[in-house]
Each structure stands twice: as structure tokens, then as C-alpha cells.
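Counting in the numbering used here, the sequence shown runs from 5 upward without gaps.
Ideal placement from N, C-alpha and C gives every residue a C-beta, glycine not left out.
See structure below.
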Amino acid sequence: MTILWLAALLTVLAACGATGTGTGTDTDSTGAQTSTAASAASDADASTAASTAGGASASTAASTAGSVSASAGGAATGNLPDLGGRAILIGTGSTYPPFESLDPQTNEIVGFDVDLMAEIARLINLKPEFQTTSFETIFEALAAKQFDAVMSAVTITEERKQKVDFSDPYVSIGQQVVALKTNDQIKRYEDLKTNNFQVGVQRGTTGEQAALTKAGVPEANVKRYDDIAAAFSDLNNNAIDAIVADGPTVANYTSQEQYRDKMAVVGEAFTTEDYGIAVQKGDTELLNAINAVLAQLQQSGKIDELKQKYEIKE
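In C-alpha cells:
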């Protein structure tokens with residue numbers, strides 16, 4: 005009986021030991037499952053976070069790239085090129101209103117050309133600076149790379165094209181004659197070649213050429229000035245008899261207070277000319293960008309708006 009009781013007791017103890025081991029295994033197993041679940045959740049969260057971050061990063065990168073691309077491609081400005089803030093030095097005369105002249109208050113160069121270049125620069129990302137120079141040598145200076153561009157009421161001519169490249173036209177003008185109101189012998193440009201009239205022109209301009217070739221003024225009777233302002237001063241003082249210059253500039257000077265009562269525009273324009281922006285030979289990046297923005301400004305009416313502002317009649 006004692007042996008049987010001991011055997012029974014051992015059997016019970018063995019069963020209890022097995023149950024304890026099973027509980028331990030379950031605990032370990034549950035612990036392992038909890039750890040695995042946490043790890044999986046953590047991995048999943050990490051994966052999700054990485055995916056989200058990656059997606060956000062990709063989305064941000066795509067958005068940024070799109071914005072940069074849009075900016076570079078000029079999506080906001082009609083698909084215009086972006087010249088990346090390129091600085092350009094622009095040669096100009098400063099006594100040829102309404103296109104360029106010095107503001108007496110600030111001594112800064114102002115006018116139609118300056119305003120137009122500001123629009124061009126804004127739309128294709130340029131940093132322009134105007135610098136006054138002699139018009140007579142302005143194209144040689146550009147060809148010698150002293151300037152990146154010339155914008156100075158410049159007529160596009162075949163002769164000038166030999167030295168520089170021109171943009172598409174942005175304004176059309178014609179040469180006109182100015183004389184004193186008291187001079188009733190000058191009524192049209194053909195009269196300039198008679199009566200030994202002294203005719204003032206700006207040196208190196210198409211006005212000089214028109215006076216000589218179209219109006220037929222004898223070489224000896226052409227008085228050349230470095231700037232047109234001096235010619236108007238001489239006409240006002242009866243030192244010359246007439247001036248040949250671009251129509252809008254003639255209109256501007258004859259409307260000024262010191263001249264309006266003494267001078268008058270004579271006849272109609274007797275040439276037809278187009279203004280363009282000159283750049284260095286072979287600078288296709290700048291030239292193509294300028295042409296693209298000029299086309300947009302023509303189409304949008306901005307150039308017409310500037311013409312009205314400066315009272316430029318074509």
C-alpha cells in the first residue's frame with residue numbers, strides 16, 4: 005500500500021511539474037508573440053512612416069521640381085526662359101527722351117527703353133544696369149564686349165548688323181524735321197537742301213544719314229552734335245535752321261516749356277525705321293530670351309501701354 009501510495013504521489017507531482025512547464029512555455033510563447041507583435045508593429049509603423057516620409061519626400065521633391073521647372077520654364081510668364089538672374093550692362097545715350105534721359109531730381113536714367121527693359125528683366129530673370137555712353141561709338145563698344153546689350157532708341161540697319169545682333173523690332177518710328185515757327189521757308193523735308201539751311205543732327209544716328217541722303221542736305225550744311233539736346237538749344241538760339249531726328253524725340257522736345265512756343269514739327273515723317281535691342285554677336289541665349297519676351301509684351305499690350313505713357317506715336 006505504501007508503495008502504491010508513493011507511486012500515486014509521484015504521479016501527481018509529475019503531472020503538476022508538467023503543468024508548470026507548460027505554463028512557462030505558454031508565458032514564454034506569449035512573451036515571444038508580444039515581442040514579435042510589437043516588433044512587427046514597430047516595423048510596420050517604421051515601414052509606414054518610411055513610406056509616408058518617402059512619399060512625402062517624393063511628393064515634396066516632385067512639387068519642388070515642378071515649381072523650379074515651372075519657374076525655369078516660365079510657366080507663370082507664358083513659358084519664357086529663365087536666365088537665372090544674369091547681370092547685364094546696357095549701353096545707352098541719356099539725352100534722347102522719351103526713350104532715355106536723366107531725371108533732374110535723381111540723376112537716374114529714365115524713359116520708355118528703361119521701363120521696357122525692366123519688364124523684360126522681370127519676366128526672364130535678368131539684372132540690368134544702364135550706363136551712359138557716346139552714341140557715336142556705342143556699337144563698337146558693344147562689339148568689343150564693353151556692354152552686354154545696347155538699348156538707346158536704336159534703329160535696326162544692315163550696316164549695324166555687321167557688328168552686332170538685333171532683337172525683333174519693338175517700336176517703329178520715322179525721321180522728322182523741326183524748325184522755328186518764324187521760318188516759313190521750311191515746310192517739308194525737301195526744303196532742307198535749299199537756301200543754305202544749317203541742319204542739326206546727332207552724330208552717328210539714322211537722322212544724320214536721312215538728312216544727307218533722303219533730304220539731300222549738303223555735307224557742309226550738316227552740323228553734328230554729340231547729343232540731340234545741344235541741337236535743340238542751338239535751334240532755340242537761331243544758331244541752326246532745323247533739326248532732323250526721330251519723330252518721338254522731336255515731339256518730346258517741341259512740347260517742352262522752353263521750346264513749345266518757338267519750334268514746330270514740319271511735315272510728316274519721311275523715313276520708316278524699326279527700333280531693336282542690340283546684343284553681342286553670337287549671344288543667342290540673351291537674344292532668344294529677349295525675342296520671346298518681346299513677343300509676349302506685344303501680345304499682352306504692355307508695349308502699347310508704355311507707348312501711351314510716353315506719348316509715342318508711330
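So, under 8 Å CB-CB, Gln179 and Phe116 are touching, yes? Tell me the CB distance rounded to an integer number of Å. 18 Å between Cβ atoms; not a contact.
Kindly list the residues whose CB is nearer than 8 Å to the CB of Pro102, restricted to its own chain and excluding five residues on each side of it in sequence; keep chain order. Gly115, Phe116, Pro252, Thr253, Asn256, Tyr314, Glu315 and Ile316
Quick check: the Cα distance between Ala147 and Asp230, rounded to an integer number of angstroms? 20 Å
Local conformation of Tyr257 per DSSP, three classes: helix
To the nearest angstrom, how far is the alpha carbon of Lys306 from that of Thr198? 43 Å
Can you give the beta carbon distance from Asp152 to Ile92, rounded, assuming they're within the 8 Å contact cut? 4 Å
Give every residue of the same chain whose Cβ lies closer than 7 Å to the Cβ of Gly89, excluding the five residues on either side of it in the sequence, and list them in chain order. Asn129 and Lys131
Quick check on DSSP: helix, strand or coil for Gly211? helix
Going by C-alpha distance, which of Tyr279, Ile124, Thr186 and Ala145 is nearest Arg264? Thr186
Which residue marks the beginning of the alpha helix (DSSP H) containing Gln319, and which one marks its end? Outside the displayed span of the chain (5 to 318) sits residue 319, for which this structure offers no information.
So Leu87 and Ala293 are in contact, right, with Cβ under 8 Å, and what is the actual spacing, rounded? 6 Å
To the nearest angstrom, report how far apart Leu106 and Thr99 are at their CA atoms. 7 Å
Determine the closest residue to Lys177 out of Asp278, Ser171, Val203 and Ile160, with distance taken between C-alpha atoms. Contrary to the premise, residue 177 reads as Ile rather than Lys in this sequence. Nearest C-alpha to Ile177: Asp278.
Limits of the alpha helix (DSSP H) - the one that Val118 falls within: Phe116 to Ile128
Which value, in whole angstroms, describes the spacing of the CA atoms of Ile160 and Asn241? 33 Å
Give the DSSP-derived three-state secondary structure of Asp169 in the structure shown. strand
Just to check my reading of the structure: Ser171 and Ile281 have Cβ atoms closer than 8 Å, yes? What is that Cβ distance to the nearest angstrom? 4 Å
6 Å Cβ shell around Gln206 - same chain, five flanking residues per side excluded: Tyr229 and Ile232
Assuming Ile247 contacts Gly204 (C-beta within less than 8 Å), just tell me the rounded distance between them. 5 Å
Nearest-angstrom Cα distance between Val270 and Gly97? 25 Å
Boundaries of the alpha helix (DSSP H) in which Ile232 is found, first to last residue: Ile232 to Asn240
Gln300 classed as buried or exposed, judged by whether at least 16 other C-beta atoms fall within 10 angstroms: buried
Where Gln180 sits in the DSSP three-state scheme: strand
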